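Residue numbers (the numbering used here), protein chains in the order written: chain X, 83 to 405; chain Z, 2 to 102. We put the beta carbon where it would ideally sit given N, CA and C, even for glycine. Bear in mind that the values here come from a model prediction, so they are computed numbers and not experimental data. Okay, structure first, notes after.
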Amino acid sequence: MSAVIGAAYDLLLCAGLLWVALQAMRIREAFGAVVVFMVFGLLMAVVWARLGSPDLALAEAIIGAGVTGALLLNACQAVQTDPGARRASARVEPSPGLPHGLIVAVCIAAGASLAALMALALEVPGPTADAARAGADAHPLGNPVTVVLLDFRAYDTLMEMVVLLAAFLGARVLIDQSELAPLHPPVPADPPMVAPLLAMATPVLVLTSLYLFWAGSHAPGGAFQAGALLGGLGVLYRLTGRLEPYDHTPIWLRTVLVVGLIVFSGVVLAAALWSPWPMRYPETGLYPLVLAIEFALLLSIAATLTALFSGTAGFRPHTGARS
Amino acid sequence: MNLVYALTAGLLFAIGLYGLLARSELIHRLLAANVMSSAVFLYLILIATAPAGDPDPVPQAMVLTGIVIAVSLTAFALALLRYFQALNARRALEDEADGDD
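Structural data, given as structure tokens:
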């Protein structure tokens with residue numbers, strides 16, 4: 083019985099996922115498409131949970147649906163408010179060149195063949211690293227995903243932080259060069275519910291974020307989910323004017339942006355002291371080192387995501403005097 | 002169960018491809034690219050899942066990394082989009098000024 087319910091649930095979930103994705107592609111208006119895309123992110127999170135991967139479900143819900151959605155909604159606003167936006171959008175040539183019928187035919191053919199191939203290839207043994215799984219089982223950290231992220235494949239994670247920083251630097255250069263105005267003009271007066279909402283949301287979000295960070299070493303969670311959640315809080319503060327745009331990156335913000343990379347690289351290099359290779363943890367004291375790295379990563383991820391959302395060189399806490 | 006998700010991954014990729022080809026607005030194309038990457042992530046996890054049991058931790062970590070990279074790419078692409086628009090607006094103004102002369 084439960085198998086039947088499970089199968090029905092899977093079918094409904096997949097049908098919903100495909101329907102929402104199709105709508106996100108078809109809705110003309112950017113705002114509507116973005117909102118539907120955020121729903122798509124949430125459904126993806128449910129799919130990850132269903133496939134037995136709570137780490138991915140958390141990451142997708144916070145990053146895929148939350149942060150990406152906030153960034154996209156920001157861009158929708160920018161498309162309308164940037165100087166000369168309407169004029170510019172009128173100039174972009176409307177047609178991609180291919181007739182619509184041909185595109186639909188190509189996509190139906192591609193979808194059918196890909197789906198068939200993917201279903202057939204399920205039988206082929208995939209990239210299951212049994213050694214990694216066995217190693218993760220014997221590892222002092224309880225969460226196998228964290229073990230892979232911070233120990234077995236720490237280099238990937240380090241480079242991921244570099245990509246995040248590069249994205250911020252790239253966005254900063256572009257925004258600087260085009261001399262665009264900051265997106266969120268200072269709010270003259272808060273709507274009445276904003277202050278109570280923030281007063282409630284702040285402790286809850288900080289606590290949840292710290293819990294995810296702390297739990298990450300032995301249960302689903304980790305620096306990325308926790309950092310993205312804290313970044314979400316930063317987005318909230320930025321939107322309500324508690325953090326105001328700043329035309330250069332203050333020194334404290336620069337520090338926070340790179341602290342993850344510095345601590346991580348520091349541990350990687352320091353490993354030369356106790357082992358012949360870099361990126362190797364000492365026999366004892368692995369846990370505090372991992373916690374230190376994860377906490378630094380958390381801070382950097384939160385700051386980078388908030389800065390990316392802000393779309394300015396930097397931001398600083400709002401002081402009442404200026405407005 | 003995995004069969005349903007494998008079919009979904011293939012179709013999802015095709016839907017993303019459709020969005021990429023059929024829409025000319027840049028935000029929509031970005032959405033389409035994100036949908037396509039979701040389809041790839043989904044399949045990567047599927048082929049790493051044993052018939053009974055949880056997915057392998059290594060692909061899970063790779064997809065987690067992929068999700069974070071996807072959001073940074075999206076953020077950078079959105080900055081590019083604003084830059085492109087500002088550039089176009091400036092060019093339009095210059096063209097108009099030339100037209101007046």
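Per DSSP, cross-strand counterpart(s) of residue i
| i | result |
| --- | --- |
| L325(X) | P399(X) |
Under 7 Å from the C-beta of residue i: neighbouring residues of chain X
| i | result |
| --- | --- |
| E26(Z) | A112 |
| V5(Z) | D92, L93, C96 |
| P41(Z) | Pro is not the amino acid found at residue 41(Z); the sequence shown has Val there. The premise fails here: V41(Z) is roughly 10 Å from chain X at the closest Cβ pair, so nothing lies under 7 Å. |
Continuous alpha helix (DSSP H) stretch holding residue i: start and end
| i | result |
| --- | --- |
| M83(X) | Looking at the DSSP string, M83(X) is not in any alpha helix (DSSP H), and its letter there is neither H nor E. |
| Y293(X) | 276-297 |
| P136(X) | 136-141 |
| S195(X) | 182-203 |
| P226(X) | 226-229 |
| E242(X) | 236-260 |
| G151(X) | 150-163 |
| T337(X) | 333-356 |
Residue i - DSSP class collapsed to helix/strand/coil
| i | result |
| --- | --- |
| T50(Z) | strand |
| P370(X) | helix |
| P364(X) | coil |
| P56(Z) | strand |
| N3(Z) | helix |
| A62(Z) | helix |
| E26(Z) | coil |
| V41(Z) | helix |
| L223(X) | coil |
| I383(X) | helix |
| T388(X) | helix |
| L111(X) | Before going on, a small fix: residue 111(X) reads as Glu here, not Leu. Of the three classes helix, strand and coil, the one that applies to E111(X) here is coil, per DSSP. |
| T9(Z) | helix |
| W101(X) | helix |
| G67(Z) | helix |
| L265(X) | coil |
| G146(X) | helix |
| V206(X) | coil |
| A172(X) | In this predicted model, A172(X) has a pLDDT of only 49, less than 50, meaning its place in the structure is not dependable; the value taken from the coordinates is given anyway. If DSSP states are grouped into helix, strand and coil, A172(X) belongs with the helices. |
| W130(X) | helix |
| L394(X) | The residue asked about is misnamed: residue 394(X) is Thr in this sequence, not Leu. Note: T394(X) maps to coil in three-state DSSP. |
| G406(X) | As shown, chain X starts at 83 and ends at 405. That puts residue 406(X) outside it, with no answer to give. |
| D272(X) | coil |
| S405(X) | Any reading at S405(X) needs caution, since the residue's pLDDT is 41, under 50, leaving its predicted position unreliable; the model's value is listed next. In the structure shown, S405(X) sits in coil (DSSP, three-state: anything other than H, G, I, E or B). |
Proximal residues of chain X, C-beta to C-beta of residue i below 8 Å
| i | result |
| --- | --- |
| G100(Z) | In chain order: nothing, as chain X lies at least about 13 Å away. |
Chain-ordered chain Z contacts of residue i [CB-CB under 8 Å]
| i | result |
| --- | --- |
| I185(X) | Y19, L22, A23 |
| Q259(X) | Y84 |
| L154(X) | I28, L31, L32, T75, L79 |
| V244(X) | The contacting residues do not exist; V244(X) stays about 10 Å from chain Z at best. |
| G134(X) | T50, G54, D55, P56 |
| T150(X) | N35, A71, V72, T75 |
Proximal residues of chain Z, C-beta to C-beta of residue i below 9 Å
| i | result |
| --- | --- |
| D238(X) | A62, M63, T66 |
| G193(X) | G11, L12, L13, F14, A15, I16, L18, Y19 |
| F377(X) | Near F377(X) there are no residues of chain Z at all, since even the closest Cβ is about 17 Å away, more than 9 Å. |
| S84(X) | None at all; the shortest Cβ gap to chain Z is about 12 Å. |
| R235(X) | V59, A62, M63, T66 |
| I344(X) | Within 9 Å Cβ-Cβ: nothing; I344(X) doesn't reach chain Z, min ~19 Å. |
| F119(X) | L32, N35, V36 |
| D272(X) | Correct list: empty, because the minimum Cβ distance to chain Z is about 27 Å. |
Contact list for residue i against chain Z, beta-carbon separation under 7 Å
| i | result |
| --- | --- |
| H300(X) | Near H300(X) there are no residues of chain Z at all, since even the closest Cβ is about 14 Å away, more than 7 Å. |
| R78(X) | Residue 78(X) is absent from the structure shown; chain X starts at 83 and stops at 405. |
| H182(X) | A23 |
| D164(X) | R83, Q86, A87 |
| P226(X) | P58 |
| L339(X) | Result: empty, since nearest Cβ-Cβ is about 13 Å, beyond 7 Å. |
| F306(X) | L65, V69 |
| I145(X) | I68, V69, V72 |
Cβ-heavy atom distance, residue i to the ligand GDP, below 8 Å
| i | result |
| --- | --- |
| A191(X) | Among the components of this structure there are no ligands whatsoever, and the ligand GDP is therefore not found. |
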